[in-house]
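Visitor: According to our numbering, the sequence shown is numbered sequentially starting from 5.
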Amino acid sequence: MASYWWECSHCSSRFEFKDVCESRGITHYIWDVLIPSGWEQSHSIKTCFQCNNEDLRITYVFPRANQTHIQVKHIVGIGPFDEYVPMMWETIPDGNKDETWIDFKYINGRNIWGLNKPAVFSKEDIKKLFQLYRNRTPDKNFPL
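(1) Skipping 5 residues on each side, what residues in its chain have a beta carbon closer than 7 Å to that of G118?
(2) By DSSP's criteria, N2 is part of a beta bridge. Which residues make up the other side?
(3) Going by DSSP, what residue range makes up the beta strand (DSSP E) through Y64?
(4) Could you check which residue in F85, P84, F66, C15 has the C-alpha nearest to that of P97?
(5) Under 8 Å: does the beta carbon of S13 sit that close to some heavy atom of the ligand SAH?
(6) Which of the three DSSP states, helix, strand or coil, is assigned to E128?
(7) Using CA atoms only, rank isn't needed, just tell me which of D143, N145, S7 is closest to I74.
(8) Between S41, H14, L136, which has its C-alpha nearest L60's C-alpha?
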């Protein structure tokens with residue numbers, strides 16, 4: 005299985021990106037679907053092919069040493085600044101829907117390397133990112 009995949013939070017079925025959408029992987033999905041849609045959050049969840057529940061989410065393991073199983077709840081980003089796209093991912097650790105983690109990531113073109121490194125933001129850019137998050141998700145009070 006690739007380092008990012010689609011997994012159903014209801015039945016635990018796993019699928020490769022190419023089997024769920026027309027993207028070859030996570031960076032392609034970000035460039036080809038999320039950025040052109042203006043970070044439309046309906047793209048963050050899909051209907052599972054096995055159980056037919058709308059619980060299919062982008063999934064990955066982080067940090068590698070602790071093997072924390074992470075599912076994506078929301079992704080927003082600013083830019084792109086040429087090829088650089090800094091992002092904030094709200095995630096669900098180990099299936100605990102009562103807890104979410106914020107993961108700051110970036111991509112540089114279609115290279116997956118930046119997804120394993122933290123993004124760095126100016127104060128102005130973090131304000132833009134938080135405002136975009138409030139506009140694109142149900143959480144209108146973030147970051148309280």
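Think of the CB as a built atom: it goes at the ideal place given N, C-alpha and C, for glycine as much as any other residue.
Guide: Taking the geometry as given:
(1) Here residue 118 is taken as the residue at index 114 of the sequence shown, counted from 1. Cβ neighbours of G118 within its own chain (closer than 7 Å, five residues either side excluded): K109, Y110, I111, N112.
(2) Lying before the first or after the last residue shown, residue 2 is absent from the chain, which here runs from 5 to 148.
(3) Position 60 of the sequence shown, counted from the first residue, corresponds to residue 64. Note, Y64: beta strand (DSSP E), 60-65.
(4) The residue you call residue 97 lines up with position 93 of the sequence shown. Among F85, P84, F66, C15, the Cα nearest to that of P97 belongs to F66.
(5) Absence of the ligand SAH from the depicted structure is noted, as is the absence of any ligand whatsoever, leaving it without description.
(6) Here residue 128 refers to the residue found at position 124 of the sequence shown. In this structure, E128 counts as helix in the three-state DSSP scheme.
(7) Along the sequence shown, one-based indexing puts residue 74 at 70. Checking every option, the nearest Cα to that of I74 belongs to S7.
(8) As a working mapping, residue 60 is identified with position 56 in the sequence shown. Ranking S41, H14, L136 by Cα distance to L60 puts H14 first.
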